Amino acid sequence: MTSPTTGPSPEPVPAVIRAALPASFELEPARHGCSTTVAFVRGAEVPLVLKRAADPPYAGWLRVEAEILPRIVAAGLPAPAVVAMDDGPHGVWLLLERLPGEPLCELLPRLDPDERPAWLRRTGALLGRIHTTRVPMDLLEHDSTPWWQRPRVDLPSTSSGEVLGATRLHAEPPPPAVFVHGDFTLDNVLADGDALSGVVDWGGAGRGDPRYDLALALLSAGGGTRLPPPAELRAFYEGYLDAVAGVPELRRSIGAALGATAEPEP
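Per my numbering, the very first residue in the sequence shown carries number 3; after that it's consecutive.
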């Protein structure tokens, strides 16, 4: 049997979390997870992932994730289901079902250049699906700071002007507020087989400016400091604009800011 203190941190795994785990299990540290400690659970009937955070703002993000994930799953978005949660003296613990696949940021470098646009199109379509999801009225913005002014400790330092200029999303008035993921980098998008299997790390989700998600997706697809090649960029926006076609105001706003280079050809 695994020791009670074996977990994604030196702290004992809380009883409420252990009650949802099998009698015998192993925890394998995940390769990703910068803001929280993450481990994959081995030995359970259903693949699970255990997350823990003790310090702000990360503990707060886990609380938000625990609250919002059931609504996201109920809305039909591909996100992990909550199995158990504990908010105690040793931090916030969150046990989730593990989605299949690997981070898209790990898959893309292994692909031939002519294979990448299809994946970027799928990614744009998935983000558009998120942005057109009905937002519960009690989900307010978690951070009213404009998206281009929010610090990104995991991306190289870049001025807001460079980011806005690169993404071409600054020229128009702000688009309507929509449901946003809040951290839509490609390490949070999972690929399995020839499809996207889901999105993880929803602690920044809420109502906000869709350009924040768009900018993070594009910059991470380009390596963190630049946009992806033109064919991939165009494919991404084709997928996105097709997915938001049912929200004309959003499609017009993003399409106008991008100009002809991002609009799908008739």
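Ideal placement from N, C-alpha and C gives every residue a C-beta, glycine not left out. Predicted model, so just to flag it, every value in this text is computed and none were measured.
| said: By alpha-carbon positions, which one of F27, A68 and L235 ends up nearest to A217? | reply: Walking along the sequence shown from the start, residue 217 turns up at place 215. Of the listed residues, the one whose Cα sits closest to A217 is L235.
| field | Length of the line joining the Cα atoms of R100 and G257 | value | On the sequence shown, residue 100 is found 98 positions in, with the first residue counted as 1. On the sequence shown, residue 257 is found 255 positions in, with the first residue counted as 1. In a straight line, the C-alpha of R100 is about 35 Å away from that of G257.
| Exposed or buried, S222, counting other C-beta atoms within 10 Å across all chains shown (16 or more means buried)? | Taking the first residue of the sequence shown as position 1, residue 222 is located at position 220. Burial call: buried.
| Secondary structure of F238, DSSP reduced to three states | The residue you call residue 238 lines up with position 236 of the sequence shown. In the structure shown, F238 adopts helical secondary structure according to DSSP, grouped into three states.
| message | Using a Cβ-Cβ cutoff of less than 7 Å, which residues in the same chain neighbour P232 once the five nearest sequence positions on both sides are dropped? | response | To locate residue 232, count along the sequence shown from 1; it is residue 230. Counting only Cβ-Cβ distances below 7 Å, and skipping sequence neighbours, we find nothing.
| message | By alpha-carbon positions, which one of T187, S255, Y242 and A237 ends up nearest to T227? | response | Counted from its first residue, the sequence shown places residue 227 at position 225. Minimum Cα distance to T227 is reached at T187.
| Nearest-angstrom Cα separation, counted from R131 out to I74 | Translated into the one-based positions of the sequence shown, residue 74 becomes position 72. Translated into the one-based positions of the sequence shown, residue 131 becomes position 129. Looking at the two C-alpha atoms, the distance is approximately 12 Å.
| request: Buried or exposed for D57, please, with buried defined as at least 16 other CB atoms from any protein chain shown within 10 angstroms of its CB. | output: Your numbering for residue 57 matches position 55 in the sequence shown. D57 should be labelled exposed.
| Unbroken alpha helix (DSSP H) runs of length 4 or more, entirely within the region 186-252: which are they? | Listed in chain order, they are 212-223 and 232-245.
| request: Tell me whether L129 sits in a helix, a strand or coil according to DSSP, three-state version. | output: Position 127 of the sequence shown, counted from the first residue, corresponds to residue 129. Secondary structure at L129: helix, using DSSP grouped into helix, strand and coil.
| Can you tell me whether DSSP reads E117 as helix, strand or coil? | Position 115 of the sequence shown holds residue 117. If DSSP states are grouped into helix, strand and coil, E117 belongs with coil.
| query | Going by beta carbon distance, what residues of the same chain come within less than 6 Å of E67, once the five residues before and after it are set aside? | reply | The residue given as residue 67 occupies position 65 in the sequence shown. Within its own chain, the residues whose Cβ lies closer than 6 Å to the Cβ of E67, once the five positions on either side in sequence are excluded, are W204 and G205, listed in chain order.
| How many Å lie between W95 and A32 at the Cα? | Here residue 95 refers to the residue found at position 93 of the sequence shown. Here residue 32 refers to the residue found at position 30 of the sequence shown. Roughly 15 Å between the two C-alpha positions.
| message | Looking at the strands, I want to know which residues DSSP matches up with L97. | response | Mapped onto the sequence shown, residue 97 falls at position 95. L52 and A86.
| task | Taking all protein chains shown into account, decide if E2 is buried (16 or more other Cβ within 10 angstroms of its Cβ) or exposed. | result | What is shown of the chain runs 3 to 268, which leaves residue 2 out entirely.
| Boundaries of the alpha helix (DSSP H) in which P72 is found, first to last residue | Your numbering for residue 72 matches position 70 in the sequence shown. From DSSP, the alpha helix (DSSP H) with P72 extends over Y60 to A76.
| message | So T125 and L106 are supposed to be a Cβ contact under 8 Å. How far apart are they, rounded? | response | Stepping through the sequence shown from its first residue, residue 125 is reached at position 123. Stepping through the sequence shown from its first residue, residue 106 is reached at position 104. Contact flag correct, Cβ pair sits at about 7 Å.
| Boundaries (first-last residue) of the alpha helix (DSSP H) holding E108 | What you label residue 108 is simply residue 106 of the sequence shown in a count that begins at 1. Looking at the DSSP string, the run of the alpha helix (DSSP H) that includes E108 is L106 to L109.
| In terms of alpha-carbon separation, which member of E30, D211 and T39 lies closest to V182? | As a position in the sequence shown, residue 182 is number 180, starting the count at 1. V182 has its Cα closest to that of D211, out of E30, D211 and T39.
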